[in-house]
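*Asks:* Before I ask anything, let me first share the structure, which is written out below as structure tokens.
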Ligand code: BG6
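In the working numbering, the protein residues as written are 141 to 620.
Dropping the structure here:
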């Protein structure tokens, strides 16, 4: 497999303007601005860059700077005051309503002024940090005001970053994609699923394809099942009104969970280039066995934590799931009959994301005696701990010293935190913005991946009547 061509260092990139639509919103202050500040202090932004915020609120220049400073979700103390100040100097603001065509003309002229000051046609990166209901409005206005066009002699590119959810079902996802397709070429569209940028998830590919001791076992002959868990201890945290019409299946099932499955199950790509990786991820998602009214029974469990309906923004009769467990199957010779369990919930006993790969029992293991405290299944388990306490574990069996033939399970562990150079895990948004700047789409979802994951998810959503909504207590470890 050939290695990726890492494009030029960011610092040497052409001047770039990063436009954030909805800069006063939660996502911008929680994720985007802190990530940009981190990239800035690491000198990973182009030497000439500007961040241009666009939103409805009225601010003068000073108020805007103060607003950003107060909302930035970072410990400002960890940065030098001088760096923060210089970073803020790169930011400016344009007030406007998202449906006001005139506001986009003003935005375009502000961008032209920046270009004139730099004496060069700059790259433009747009981020839609707004609810999906506003995507169409903003995208159409971007197109109408000429903001989607690259300028100069092709030296300045234009790219757009789009957040999940991509539509609320297959049809709306297709419409959004069509709209994007009329404005931008595929290589300009960066669809964010921030799980793809999680360090340990990226490591799964390296681990699978760089260790010859595992890849030969990576199939139905040796693997019994795969269990992917995304558990969160918190409940709604004030996001009830946003969450209730969506539910867990759409919120994390259609995207993060299926992306994790794709990375574990995909075939080796021809190269580590974005095109090949995305193609293999899409191919495996397209092979997911669709659920039917009959097959869904017993294969999908939905739950709602007790007290959910009392949270603000939730209707008293809500049937929205905050938990699900899906038994997914893949129609391929490699994975035939191997269940992939996708399990996710809010208000669970702990926050953790991990992937357990269970190997089939060794033949002799059935006959061996079981050591004290080792009554579980005698299976080797390979665990990728995505977060927190990032790492990889392998459970294996050893003979207990002595005259009897008794085995006991032990664990081989690799923890990122134990290795100084692995301890600094770059934040997912930092990585995504970085890759959008350099134009590497490997960690972004393609149209094919989005459509394939919706197709599978729709086969569940269309048959929800065949599933029961189970109530579970907050702090659950598992839902029956
Ligand atoms: C988001 C979901 O996409 O992912 C949230 O909308 C969820 O509901 C979050 O909490 C989990 O992401 P992370 O990075 O905190 O594990």
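Cβ atoms here follow ideal geometry from the backbone N, Cα and C, with glycine treated the same way.
1) Using the Cβ count rule (16 or more neighbours within 10 Å means buried), how would you classify residue 261?
2) What do you reckon, is the C-beta of residue 379 under 8 Å from a heavy atom of ligand 1?
3) Out of 229, 371, 240 and 418, which has the shortest C-alpha to C-alpha gap to residue 592?
4) Please report the distance separating the alpha-carbon of residue 200 from that of residue 179.
5) Is it buried or exposed, residue 335, if we count other Cβ atoms within 10 angstroms and call 16 or more buried?
6) What is the residue span of the beta strand (DSSP E) that residue 432 lies within?
7) For my contact list, residue 298 and residue 342 are in at a C-beta cut-off of 8 Å; report their separation, rounded to the angstrom.
8) Give every residue of the same chain whose Cβ lies closer than 6 Å to the Cβ of residue 534, excluding the five residues on either side of it in the sequence, and list them in chain order.
9) Per DSSP, what are the beta-bridge partners of residue 263 in this structure?
10) If you reduce the DSSP assignment to three classes, tell me which class residue 365 lands in.
11) Could you check whether the Cβ of residue 614 sits closer than 8 Å to any heavy atom belonging to ligand 1?
12) Between residue 307 and residue 154, which are expected to be in contact by the criterion C-beta below 8 Å, what is the C-beta distance as a whole number of angstroms?
13) Does the Cβ of residue 396 lie closer than 8 Å to at least one heavy atom of ligand 1?
14) If we require 4 or more residues per run, which alpha helix (DSSP H) segments fall completely within the segment 458 to 532?
15) May I ask you to check if the CB of residue 221 is nearer than 8 Å to at least one heavy atom of ligand 1?
16) Within 10 Å of its beta-carbon, does residue 494 have 16 or more other beta-carbons around it, so buried, or fewer, so exposed?
17) Can you tell me whether residue 185 is helix, strand or coil according to DSSP?
18) Here's the rule: buried if 16 or more other CB atoms are within 10 angstroms of the residue's CB, otherwise exposed. What is residue 451?
19) Please state the DSSP three-state secondary structure of residue 400.
20) Return yes when the C-beta of residue 342 is under 8 Å from any heavy atom of ligand 1, and no when it is not.
21) Tell me residue 612's beta-bridge partners as DSSP assigns them.
22) Look at the alpha carbon of residue 583 and the alpha carbon of residue 344, and state the distance between them as a whole number of angstroms.
23) By how many angstroms is the C-alpha of residue 526 removed from the C-alpha of residue 532?
24) Cβ of residue 392 within 8 Å of any heavy atom in ligand 1?
25) May I ask you to list the residues that DSSP assigns as paired with residue 371?
26) Among the residues of its own chain, which have a CB less than 7 Å from the CB of residue 396, if the five just before and after it don't count?
27) Assuming residue 247 contacts residue 324 (C-beta within less than 8 Å), just tell me the rounded distance between them.
28) When burial is assigned at 16 or more other CB atoms within 10 Å of the CB, is residue 578 buried or exposed?
29) Any heavy atom of ligand 1 within a distance shorter than 8 Å of the CB on residue 444?
30) Taking contact to mean 3 or more Cβ pairs, one atom from each stretch, closer than 8 Å, check whether the segment 263 to 283 and the segment 302 to 319 are in contact.
31) Are residue 630 and residue 581 closer than 9 Å when you measure CB to CB?
32) Should residue 132 and residue 498 be called a contact, given that it needs their Cβ atoms to be closer than 9 Å?
33) Do residue 190 and residue 570 come within 9 Å of each other at the CB atom, strictly closer than that value?
34) What is the DSSP secondary structure of residue 233, counted as helix, strand or coil?
35) With a threshold of 8 Å (Cβ to nearest heavy atom), would residue 469 be considered close to ligand 2?
36) Helix, strand or coil, according to DSSP, for residue 617 in the structure here?
*Replies:* This is what the structure holds:
1) It is buried - the Cβ of residue 261 has at least 16 other Cβ atoms within 10 Å.
2) For ligand 1, at least one heavy atom lies less than 8 Å from the Cβ of residue 379.
3) Looking at the Cα atoms, 418 is the closest of the given residues.
4) Annotation: residue 200 to residue 179 spans about 26 Å, alpha carbon to alpha carbon.
5) Burial call: buried.
6) Boundaries for residue 432: no beta strand (DSSP E) harbours it, and the DSSP string shows neither H nor E there.
7) Cβ atoms of residue 298 and residue 342 stay farther apart than 8 Å, at about 27 Å.
8) The beta carbon of residue 534 lies closer than 6 Å to those of 522 and 552 in the same chain, with the five residues before and after it left out.
9) Partner residues in the beta bridge of residue 263, as assigned by DSSP, are 156.
10) Note: residue 365 maps to strand in three-state DSSP.
11) Residue 614 has its Cβ no nearer than 8 Å to any heavy atom of ligand 1.
12) With 8 Å as the limit, residue 307 and residue 154 do not qualify as a contact, their Cβ atoms being about 33 Å apart.
13) Flag set: Cβ of residue 396 near ligand 1.
14) Those alpha helix (DSSP H) runs which fall completely within the segment 458 to 532 and span 4+ residues do not exist here.
15) No, Cβ of residue 221 sits at least 8 Å from all heavy atoms of ligand 1.
16) Buried.
17) When DSSP states are grouped into helix, strand and coil, residue 185 belongs to the coil group.
18) Counting Cβ neighbours within 10 Å, residue 451 comes out buried, since at least 16 surround it.
19) Correct three-state label for residue 400: helix.
20) Judged by the Cβ position, residue 342 fails to qualify as a neighbour of ligand 1 at the 8 Å threshold, every heavy atom of the ligand being at least this far.
21) Answer by DSSP bridge pairing, in chain order: 445.
22) C-alpha separation (whole angstroms): 13 Å.
23) Taking the straight line joining both Cα atoms gives about 9 Å.
24) Yes, since a heavy atom of ligand 1 falls inside the 8 Å radius drawn around the Cβ of residue 392.
25) Residue 371 is bridged to 485 and 492.
26) For residue 396, same chain residues with a beta-carbon under 7 Å away, outside a window of 5 residues either side, are 333, 335 and 370 in chain order.
27) Residue 324 and residue 247 do not touch by the CB rule: their CB atoms are close to 17 Å apart, not below 8 Å.
28) By the neighbour-count rule (16 or more Cβ atoms within 10 Å), residue 578 is not buried but exposed.
29) No, since every heavy atom of ligand 1 falls outside the 8 Å radius drawn around the Cβ of residue 444.
30) Touching, per the Cβ criterion.
31) Residue 630 is absent from the structure shown; the chain starts at 141 and stops at 620.
32) Coverage of the chain is limited to positions 141 through 620, which leaves residue 132 absent and any answer about it impossible.
33) In this structure, residue 570 keeps its C-beta atom at 9 Å or more from the C-beta atom of residue 190.
34) When secondary structure is reduced to three states using DSSP, residue 233 falls in the strand class.
35) Of the ligands this structure carries, namely ligand 1, none is ligand 2.
36) Correct three-state label for residue 617: coil.
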